[in-house]
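Q:
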Amino acid sequence: MAKTKKKTVKSKINKNITQPQQIPGSNLKPLIFAALFAALTAAVAPFKIPLGFTPVPITLQTLVVLMSGAMLGPYYGALAMILYVVVGALGLPVFAGGGSGIGAILGPTGGYLISYFIAAFVIGKYLWARKNPKYLDYVIAMIAGTIIIYALGAGWGMVVTGLGVMAILGGWVLPFIIGDTIKLLASAYISKNIDIKKYMR
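Under my numbering, residues 2 to 202 are what the sequence shown spells out, in order.
1) So, at 8 Å on beta carbons, what are the nonlocal neighbours of LEU153 in its own chain, with the 5 sequence-adjacent residues on each side left out?
2) Since ALA43 contacts VAL95 with CB under 8 Å, what's their CB separation in whole angstroms?
3) By DSSP, does GLN22 sit in helix, in strand, or in coil?
4) Could you please give me the residues that DSSP links to LEU52 through a beta bridge?
5) Work out the CA separation of ALA168 and TYR76 for me, nearest whole Å.
6) Do the region 132-145 and the region 156-175 make contact, defined as three or more Cβ pairs closer than 8 Å?
7) Quick check on this structure: which residue in LYS49, LEU80 and LEU52 has the alpha carbon closest to the alpha carbon of ALA40?
8) Which stretch, first to last residue, makes up the alpha helix (DSSP H) that contains GLY78?
9) Assign ASN28 to one of three DSSP states: helix, strand, or coil.
10) Pick out whichever of ILE179, TYR139, PRO109 and TYR85 has its Cα sitting closest to the Cα of ILE164.
11) Starting from the C-beta of GLN62, find all residues in its chain whose C-beta is less than 7 Å away, skip the five residues before and the five after it, and write them out in chain order.
12) Thinking just about the alpha-carbon of each residue, which of ALA90, ILE178 and TYR200 is nearest to the one in TYR151?
13) Taking only three categories from DSSP, how would you classify LYS132?
14) Buried or exposed: which applies to PRO31, given that a residue is buried once 16 or more other Cβ atoms fall within 10 Å of its Cβ?
15) Expressed to the nearest angstrom, what Euclidean distance is found between the alpha-carbon atoms of GLY26 and THR55?
16) Report buried or exposed for ASP196, applying the criterion of at least 16 other Cβ atoms within 10 angstroms of its Cβ.
17) Give a yes or no on whether 7 Å exceeds the smallest Cβ distance from GLY53 to chain C.
18) Can you give the Cα-Cα distance for MET72 and LEU84, rounded to whole angstroms?
If you want it as structure tokens, here you go:
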């Protein structure tokens, strides 16, 4: 019995020596990835195609937003988007077309910015609750995230501009469906095939 206890203690000591223990709160990898995704969102912001009939441009930002939730999970995905919005609100020109400041958030398209972290959270929550999500799961999550972006973006646009439902649908939603469908399918494929989770541990 005594020998068994000695062996158990010895094995635990050896395990502790060969496998360094993780100090609670010392793992900065998820925070680094969140910062990287915030930076990536800012990096693609200048690439926009303005449409004359609506203040909403075609951008690549939503592609990164969708991937952040899927790849980083609900909390760090949302954190990445919060970091992005906060940096822009503080004055750095990281919003679409080089926009910045509180005015951009309170303006007609500010609802899209607010929707980013909510969409990322919902996408991450849905996918990370599944052990081995399939491509269809990713597509479903991306559709949900896109709907959230549309709802908050267009909804806030209605409040600020005073436009009616049909005008908002015609100028703020319908023209973007085809492009956003391509982006959500692409983000689902990329997120499914690039496993960042293992590098965040």
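C-beta atoms are modelled at their ideal positions from N, C-alpha and C, and glycine is treated no differently.
A: If we stick to the structure as given:
1) In the sequence shown, the residue the question calls residue 153 occupies position 152. Here the set comprises GLY112, TYR113, ILE115, SER116 and ILE119.
2) If you number the sequence shown from 1, residue 43 lands on position 42. If you number the sequence shown from 1, residue 95 lands on position 94. The beta-carbon separation of ALA43 and VAL95, rounded to 4 Å, stays under the 8 Å limit for a contact.
3) The residue labelled residue 22 in the question sits at position 21 within the sequence shown. With a pLDDT of 34 at GLN22, under the threshold of 50, the predicted position of this residue should be treated as unreliable, though the coordinate-derived value follows. In the three-state scheme derived from DSSP, where H, G and I count as helix and E and B as strand, GLN22 is classed as coil.
4) As a working note, residue 52 is residue 51 in the sequence shown. The partner list for LEU52 (beta bridge, DSSP) reads THR55.
5) Here residue 76 is taken as the residue at index 75 of the sequence shown, counted from 1. Here residue 168 is taken as the residue at index 167 of the sequence shown, counted from 1. Those two C-alpha atoms are separated by around 35 Å.
6) Contact between the region 132-145 and the region 156-175 is not established, with fewer than three Cβ pairs separated by less than 8 Å.
7) Residue numbering aside, residue 40 sits at position 39 when the sequence shown is read from its first letter. The option with the nearest alpha carbon to ALA40 is LEU80.
8) Taking the sequence shown and counting its residues from 1, the one referred to as residue 78 is at position 77. Counted as a single uninterrupted DSSP element, the alpha helix (DSSP H) harbouring GLY78 occupies residues 62-90.
9) Sequence index remark: in the sequence shown, residue 28 carries index 27 (1-based). Coil, per DSSP.
10) What you label residue 164 is simply residue 163 of the sequence shown in a count that begins at 1. Strictly speaking, residue 164 in this sequence is Leu, with Ile absent from that position. Looking at the Cα atoms, PRO109 is the closest of the given residues.
11) For the purposes of this step, residue 62 is taken as residue 61 along the sequence shown, with counting starting at 1. The residues are THR42, VAL45, ALA46 and ALA97.
12) Position 150 of the sequence shown, counted from the first residue, corresponds to residue 151. The alpha carbon of TYR151 has as its nearest neighbour, out of ALA90, ILE178 and TYR200, the alpha carbon of ILE178.
13) Your numbering for residue 132 matches position 131 in the sequence shown. DSSP places LYS132 in coil when its eight states are reduced to three.
14) Taking the first residue of the sequence shown as position 1, residue 31 is located at position 30. The residue in question, PRO31, is buried, as its Cβ has 16 or more Cβ neighbours within 10 Å.
15) Here residue 26 refers to the residue found at position 25 when the sequence shown is read from its first residue. Here residue 55 refers to the residue found at position 54 when the sequence shown is read from its first residue. Low confidence applies to GLY26: its pLDDT is 48, below 50, so where it sits in the model is not reliable, and the reading given next is rough at best. If you draw a straight line from the Cα of GLY26 to the Cα of THR55, it comes to about 45 Å.
16) Locating residue 196 in the sequence shown gives position 195, counting from the first residue. It counts as exposed.
17) Here chain C cannot be found, since the structure has a single protein chain.
18) Translated into the one-based positions of the sequence shown, residue 72 becomes position 71. Translated into the one-based positions of the sequence shown, residue 84 becomes position 83. A direct Cα-Cα distance of roughly 16 Å separates MET72 from LEU84.
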